[in-house]
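Using the numbering used here, read the sequence shown as starting at 200 and increasing by one per residue. Quick notes on the structure that follows.
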Amino acid sequence: IEACEGEFINMPSFSSTPSGSSFAWTNTNTLIGIGASGSGNIVYYSSPDVTADETGTISVTPTLNGCVGSAVNFNLTVRVKPTIAQKTDISVCSGSTISVGNFNVLPSGSTISWTNNKT
Numbered sequence: 200i201e202a203c204e205g206e207f208i209n210m211p212s213f214s215s216t217p218s219g220s221s222f223a224w225t226n227t228n229t230l231i232g233i234g235a236s237g238s239g240n241i242v243y244y245s246s247p248d249v250t251a252d253e254t255g256t257i258s259v260t261p262t263l264n265g266c267v268g269s270a271v272n273f274n275l276t277v278r279v280k281p282t283i284a285q286k287t288d289i290s291v292c293s294g295s296t297i298s299v300g301n302f303n304v305l306p307s308g309s310t311i312s313w314t315n316n317k318t
C-alpha cells in the first residue's frame, strides 16, 4: 500500500478461514504513523508528514480457539510530497529574452509542470 503524506487511507480489513479469528499485528517503522503493535483491524489511517519516503512492514497473525495461524506481511509506504521554492517576480521589456533559472524542487528527482496565464 502506498500513500502520499497527509492522505487518508482506508486500510483493508483482516479476515481468516475459518472466520472468527482475532488478529494481532506489529509494525517495523512507527514513522509511517502506525504504532509498533496492536490488535484488530487498522481502520482509517491518516499518513503523517515525512521528510523522506518511509516504509513499514505490517505483520498480521490470526488466532482462533487458542491456535495461532501463520503471519501475513504487507508493506505500507508513505511518500514525501514534493515542494518547490517560490520564484521572485520578473519584469521585462517587450521583445526581450529572459531566463527564469532553475526551479528548486525537493525531493530531488521530482518533476514539475508549469503554465502561463498570458501568452
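All C-beta atoms in this analysis are idealised placements derived from N, C-alpha and C, irrespective of residue type, glycine included. Computed from a prediction, not measured in an experiment: that's the story for all the values here.
Suppose contacts are defined by Cβ-Cβ distances below 8 Å. Is residue i in contact with residue j by that definition?
i	j	result
I257	N226	yes
F302	I283	yes
G234	Y244	no
V271	K286	no
A223	S212	no
Just to confirm the assignment, what range does the beta strand (DSSP E) spanning residue i have?
i	result
S236	236-238
T262	253-263
E201	201-203
S221	221-226
Whole-angstrom Cβ separation of residue i and residue j, contact assumed at under 8 Å?
i	j	result
I297	V291	5 Å
L230	V249	7 Å
P306	V277	Contact flag wrong, Cβ pair sits at about 13 Å.
N228	T254	6 Å
S215	G268	7 Å
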